[in-house]
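Written below as structure tokens is the structure these notes are about.
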Amino acid sequence: MPQPSVRMCAVCRQRRDRATLLRVARLADGGLVIDPRSRLPGRGAWVCRTQACWEPAALRTGLSRGFKARVEADRVETLIRQLRRGLDEGAWNRAQSEPETATAERGVAGDSTMR
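Following the working numbering, the numbering of the sequence shown begins with 77 at its first residue and continues without gaps.
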């Protein structure tokens with residue numbers, strides 16, 4: 077039986093099954109996008125699907141560490157808006173407890189300009 081793919085959350089630093097995390101990709105222009113299929117090029121960081129890991133200050137610190145580069149606060153706010161646009165409240169709550177969510181199925185991604 078194959079071992080589950082394990083990744084570390086960039087924010088809380090806990091190791092979890094990859095299916096329970098969301099990948100955030102950093103684009104060449106410094107923009108951030110949610111990468112539900114884990115296929116976008118560039119450096120990626122994994123984040124838990126818990127609200128605590130998506131708090132702006134914690135997320136900014138964790139992503140800066142994960143990307144090994146400074147992440148601007150406005151880019152984090154845009155990323156959070158992007159996630160909330162893609163998930164209604166019910167889906168957000170399910171995303172915290174279920175590995176397979178509407179995010180992975182629908183593909184939450186914003187525009188690459190991320191102003």
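All C-beta atoms, glycine included, are put in the ideal place defined by N, C-alpha and C.
Give the straight-line distance between the Cα atoms of residue i and residue j, rounded to the nearest whole angstrom.
i	j	result
Ala149	Pro132	8 Å
Trp168	Pro78	Confidence at Trp168 is low in this model, with a pLDDT of 49, below 50, so the placement of that residue should be treated as unreliable; the coordinate-derived value is given next. Their backbone Cα atoms lie some 29 Å apart in a straight line.
Gly183	Pro112	Only weak support exists for where Gly183 lies, its pLDDT of 41 falling under 50; the value from the coordinates is given anyway. Roughly 6 Å separates the two Cα atoms.
Ala95	Arg160	19 Å
Ser114	Ala101	8 Å
Gly107	Ser81	26 Å
Gln90	Gln127	15 Å
Thr154	Val109	9 Å
Cys88	Ala134	8 Å
Phe143	Pro117	13 Å
Gly162	Val147	22 Å
Ala145	Gln158	21 Å
Are the CB atoms of residue i and residue j nearer to each other than 8 Å?
i	j	result
Trp122	Ile156	no
Val152	Arg136	yes
Ala86	Gly138	yes
Arg83	Arg92	yes
How close, in whole Å, do the beta carbons of residue i and residue j come, if the pair is a contact with beta carbons under 8 Å?
i	j	result
Arg119	Leu97	No, Arg119 and Leu97 are not in contact; Cβ-Cβ is about 15 Å, not under 8 Å.
- Message: To test your reading of the DSSP string, which unbroken alpha helix (DSSP H) runs of 4 or more residues are found completely within the stretch 110-173?
- Response: The stretch 110-173 contains these whole alpha helix (DSSP H) runs: 132-143, 149-162 and 165-173.
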